[in-house]
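*Asks:* What follows is a structure written as structure tokens; I'll ask about it next.
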Amino acid sequence: MENNKTILITGGCGYIGSHTIIELVKAGYQPIIVDDFRNANRIVVDGLCTIIGFSPSIYEIDVCNEAQMDNLFQEYSFSGIIHFAAYKAVGESVQEPLKYYHNNIEGLSVICSLALKYKVSNFVFSSSCTVYGEPQGLKEVNEKTPKVQPSSPYGYTKLVGEQIIEDVQRVNPSFRAVNLRYFNPVGAHPSALIGEFPIGRPNNLFPFITQTAIGKQECLVINGNDYPTVDGTCVRDYIHVCDLAEAHVQAIAFLEAQNGVCMEAVNIGTGKGTSVLEVIQLFEKNTGEKLNWKFGPRREGDVIEIFANAAKSKDLLNWSPTFTVSDAILHAWKWEKNLQLHA
Ligand code: UFG
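Residues in the sequence shown are numbered from 806 upward in steps of one, following my numbering.
And the structure:
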């Protein structure tokens, strides 16, 4: 439908979803959010409303509830869908695989069936660089780098998720999709009104660093310092969450501009690797805070080194990151300090 700019965002109150809403609104889209708040926090909704200047429509629905989701598709004529809603803790997925297979795979199937039923063409899926596993040889991966057997059920849900979308697309040519393969999303909105809200003890590096600096965690343990990398610690491609959010808007705009068949996978990273130790040093230098950290043993299943070849995102989506790792550190720290005021 021409000029229809109504986008369904599942998991829209989560970390990446909430930042994406801001970019969508800036670009003139009307976001309709579905989130059942099992992994989102209402502080983020308050911050989001302040930033965008209005209260967006939020439906508290489990995406696996097909009947309720169907009602929503009847109510709105969506021009596109960004599907974030999914569990994302690698370690937890090993302990509770069925929780992950049920929610992540079933949720995606429901959304895809409804997209077909209601003829919503433009579909953006949250995938992950986890589909590349540990890169053999070159540490910079492009979209043609072979996908491998993931090291966790979470990873399988992303690999299978991409496969589901490709299979659906193959027999439904008018269904157009982009699988965005995120590298490591970090940071927070520069206003510090929204950011990452880990439930319980954080697994990821950035929230662990900021929580240690603020005193919520006692000590940051670096998981291994004997890897064959620049300084022995693991290397990742850290992408600022606001840049990542912007990539979703570009993906939707790209899909809208297509007439023919379209099925793409696109890396969303900076193209630059940073080691864990380098992140810590940058944190201390940029914030002036002294971080309590120590070296510990390797974490099972950790990828040693990976970073994106970011050429396709630039060529296809006309997207490039604007923030640096240092920006992300400062914004994450500002957000942590802001959260303390709510505690
Ligand atoms: N790290 C530490 N100490 C910590 C936390 C993390 O040393 O307390 C290290 C990790 O061992 C790793 C690096 O910091 O070397 C980054 O770890 P994260 O947990 O922040 O990120 P991962 O790269 O392990 O995982 C991320 C996403 C996953 C995704 C994966 C794909 O969280 O969703 O990238 O590689 F599947």
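The beta carbon of each residue, even a glycine, is placed where N, CA and C say it ideally should be.
Tell me, please, whether the CB atom of Val-1066 is closer than 9 Å to any CB atom in chain D?
*Replies:* The chain inventory of the structure shown lacks chain D, comprising one protein chain alone.
*Asks:* Specify the secondary structure class of Glu-939 as computed by DSSP and reduced to three states.
*Replies:* Taking the sequence shown and counting its residues from 1, the one referred to as residue 939 is at position 134. Correct three-state label for Glu-939: coil.
*Asks:* Please report the residue range of the alpha helix (DSSP H) in which Gln-873 lies.
*Replies:* As a position in the sequence shown, residue 873 is number 68, starting the count at 1. From DSSP, the alpha helix (DSSP H) with Gln-873 extends over 871-880.
*Asks:* Going by DSSP, what residue range makes up the beta strand (DSSP E) through Lys-1099?
*Replies:* Within the sequence shown, numbered from 1, the residue matching residue 1099 stands at position 294. Here the beta strand (DSSP E) through Lys-1099 covers 1098-1101.
*Asks:* Hey, would you say Glu-967 sits closer than 9 Å to Phe-1112, going by beta carbons?
*Replies:* On the sequence shown, residue 967 is found 162 positions in, with the first residue counted as 1. On the sequence shown, residue 1112 is found 307 positions in, with the first residue counted as 1. The answer is no: Cβ separation not under 9 Å.
*Asks:* So what's Gln-835 in DSSP terms, helix, strand or just coil?
*Replies:* In the sequence shown, counting from the first residue as 1, residue 835 sits at position 30. Residue state, collapsed to three classes: strand.
*Asks:* For Val-1081, verify whether its CB is less than 8 Å away from any heavy atom of the ligand UFG.
*Replies:* Residue numbering aside, residue 1081 sits at position 276 when the sequence shown is read from its first letter. Correct: Val-1081 has its Cβ closer than 8 Å to the ligand UFG.
*Asks:* Measuring only from the beta carbon, is Ile-886 closer than 8 Å to any heavy atom that is part of the ligand UFG?
*Replies:* Along the sequence shown, read from residue 1 onward, the residue named residue 886 stands at position 81. No; taking the cut-off as 8 Å, the Cβ of Ile-886 has no heavy atom of the ligand UFG nearer than that.
*Asks:* Between Tyr-1043 and Ala-1133, which are expected to be in contact by the criterion C-beta below 8 Å, what is the C-beta distance as a whole number of angstroms?
*Replies:* Counted from its first residue, the sequence shown places residue 1043 at position 238. Counted from its first residue, the sequence shown places residue 1133 at position 328. About 6 Å; that satisfies the 8 Å criterion.
*Asks:* Would the C-beta of Leu-985 count as close to the ligand UFG, meaning under 8 Å from any of its heavy atoms?
*Replies:* Working through the sequence shown from its first residue, we reach residue 985 at position 180. Checking the Cβ of Leu-985 against the ligand UFG gives no.
*Asks:* Which same chain residues end up closer than 7 Å to Phe-980 when comparing Cβ atoms and leaving out the 5 residues on each side of it in sequence?
*Replies:* Here residue 980 refers to the residue found at position 175 when the sequence shown is read from its first residue. Result list for Phe-980: Ala-920, Leu-921, Ser-926, Phe-928, Val-973 and Gln-974, in chain order.
*Asks:* Do Glu-1001 and Phe-1011 come within 9 Å of each other at the CB atom, strictly closer than that value?
*Replies:* The residue given as residue 1011 occupies position 206 in the sequence shown. The residue given as residue 1001 occupies position 196 in the sequence shown. Taking 9 Å as the Cβ cut-off, Phe-1011 and Glu-1001 qualify as a contacting pair.
*Asks:* What are the uninterrupted segments assigned as alpha helix (DSSP H) that are 4 or more residues long and contained completely in the stretch 892-932, given in chain order?
*Replies:* Taking only runs of at least 4 residues, the alpha helix (DSSP H) segments lying wholly in the stretch 892-932 are 895-900, 902-905 and 912-922.
*Asks:* In the DSSP assignment, find the unbroken beta strand (DSSP E) run with Glu-1069 in it and report its ends.
*Replies:* Working through the sequence shown from its first residue, we reach residue 1069 at position 264. Where Glu-1069 is concerned, the enclosing beta strand (DSSP E) stretches over 1068-1073.
*Asks:* Going along the chain, which residues of its own chain have a beta-carbon closer than 6 Å to the beta-carbon of Gly-912, five neighbours each way excluded?
*Replies:* Locating residue 912 in the sequence shown gives position 107, counting from the first residue. Answer for Gly-912: Val-868, Cys-869 and Ala-890, listed in chain order.
*Asks:* Answer with buried or exposed for His-1147, where buried requires no fewer than 16 other C-beta atoms within 10 angstroms of its C-beta.
*Replies:* Along the sequence shown, one-based indexing puts residue 1147 at 342. His-1147 comes out exposed.
*Asks:* Can you tell me whether DSSP reads Tyr-1032 as helix, strand or coil?
*Replies:* In the sequence shown, the residue the question calls residue 1032 occupies position 227. Coil.
*Asks:* Looking only at DSSP bridge pairs, what is Tyr-987 linked to?
*Replies:* Working through the sequence shown from its first residue, we reach residue 987 at position 182. Looking at the DSSP assignment, Tyr-987 forms a beta bridge with Ser-933 and Ile-1073.
*Asks:* With 16 other CB atoms within 10 Å as the buried threshold, where does Asn-876 fall?
*Replies:* Translated into the one-based positions of the sequence shown, residue 876 becomes position 71. Per the 10 Å Cβ criterion, exposed.
*Asks:* Which residues bound the alpha helix (DSSP H) around Ile-1134?
*Replies:* Here residue 1134 corresponds to residue number 329 of the sequence shown, with the count starting at 1. Its alpha helix (DSSP H) spans residues 1130-1147.
*Asks:* Round the Cβ separation of Leu-1087 and Ser-1118 to the nearest angstrom and send it over; I've been treating them as touching at under 8 Å.
*Replies:* Here residue 1087 is taken as the residue at index 282 of the sequence shown, counted from 1. Here residue 1118 is taken as the residue at index 313 of the sequence shown, counted from 1. Contact doesn't hold; Cβ gap of about 24 Å is too wide.
*Asks:* For Ile-838 and Gly-817, what's the separation of their Cα atoms in angstroms?
*Replies:* Counting from 1 along the sequence shown, the entry for residue 838 is found at position 33. Counting from 1 along the sequence shown, the entry for residue 817 is found at position 12. In a straight line, the C-alpha of Ile-838 is about 5 Å away from that of Gly-817.
*Asks:* Going along the chain, which residues of its own chain have a beta-carbon closer than 7 Å to the beta-carbon of Glu-948, five neighbours each way excluded?
*Replies:* For the purposes of this step, residue 948 is taken as the residue at position 143 of the sequence shown. Excluding positions up to five away in sequence, the list reads Ala-1070, Val-1071, Asn-1072 and Lys-1117.
*Asks:* Give me, in chain order, the residues of the same chain whose beta-carbon lies closer than 7 Å to that of Asn-909; leave out the 5 immediate sequence neighbours on both sides.
*Replies:* As a working mapping, residue 909 is identified with position 104 in the sequence shown. Result list for Asn-909: Ala-891, Tyr-892, Thr-962 and Gly-966, in chain order.
*Asks:* Note the first and the last residue of the continuous beta strand (DSSP E) segment covering Lys-813.
*Replies:* The sequence position of residue 813 within the sequence shown is 8, counting from 1. Note that residue 813 is Leu in the sequence shown here, rather than Lys. Segment 811-815, the beta strand (DSSP E) holding Leu-813.
*Asks:* Pick from Gly-942, Gln-1016 and Gly-822: whose alpha carbon is nearest that of Ala-1137?
*Replies:* The residue given as residue 1137 occupies position 332 in the sequence shown. The option with the nearest alpha carbon to Ala-1137 is Gln-1016.
*Asks:* Spell out a yes or no on whether the stretch 823-843 and the stretch 1050-1060 are touching, meaning 3 or more CB-CB pairs, one atom from each, closer than 8 Å.
*Replies:* The answer is yes - the stretch 1050-1060 touches the stretch 823-843, with three or more Cβ pairs under 8 Å.
*Asks:* Quick one: what does DSSP say Ser-823 is sitting in, helix, strand or coil?
*Replies:* Working through the sequence shown from its first residue, we reach residue 823 at position 18. DSSP places Ser-823 in helix when its eight states are reduced to three.
*Asks:* State yes or no: is the C-beta of Ser-933 nearer than 8 Å to some heavy atom of the ligand UFG?
*Replies:* Position 128 of the sequence shown, counting from 1, holds the residue named residue 933. Checking every heavy atom of the ligand UFG against the Cβ of Ser-933, one is found closer than 8 Å.
*Asks:* Going by alpha carbons, who is nearest to Asn-984 out of Ser-898, Ile-886 and Tyr-923?
*Replies:* Counted from its first residue, the sequence shown places residue 984 at position 179. Comparing Cα-Cα distances from Asn-984 to each of Ser-898, Ile-886 and Tyr-923, the minimum goes to Ile-886.
*Asks:* Could you tell me the alpha carbon to alpha carbon distance between Asp-1036 and Ser-931, rounded to whole angstroms?
*Replies:* On the sequence shown, position 231 is the one that residue 1036 refers to. On the sequence shown, position 126 is the one that residue 931 refers to. Going by the C-alpha atoms only, they are around 31 Å apart.
*Asks:* Just the C-alpha distance for Thr-1129 and Ser-884, rounded to the nearest angstrom, thanks.
*Replies:* Mapped onto the sequence shown, residue 1129 falls at position 324. Mapped onto the sequence shown, residue 884 falls at position 79. Their Cα atoms are separated by approximately 32 Å.
*Asks:* Roughly how many angstroms separate the alpha carbons of Ser-882 and Thr-811, rounded to a whole number?
*Replies:* The sequence position of residue 882 within the sequence shown is 77, counting from 1. The sequence position of residue 811 within the sequence shown is 6, counting from 1. Distance between the alpha carbons of Ser-882 and Thr-811: 7 Å.
*Asks:* May I ask you to report which of helix, strand or coil DSSP gives Leu-1010?
*Replies:* Numbered from 1 along the sequence shown, position 205 holds the residue referred to as residue 1010. In the structure shown, Leu-1010 sits in a helix (DSSP, three-state: H, G or I).
*Asks:* Is Val-895 near the ligand UFG, with its Cβ less than 8 Å from a heavy atom?
*Replies:* Translated into the one-based positions of the sequence shown, residue 895 becomes position 90. For the ligand UFG, at least one heavy atom lies less than 8 Å from the Cβ of Val-895.
*Asks:* Starting from the C-beta of Phe-1013, find all residues in its chain whose C-beta is less than 7 Å away, skip the five residues before and the five after it, and write them out in chain order.
*Replies:* Your numbering for residue 1013 matches position 208 in the sequence shown. Excluding sequence neighbours, Phe-1013 sits near Pro-1007, Gln-1022 and Leu-1025.
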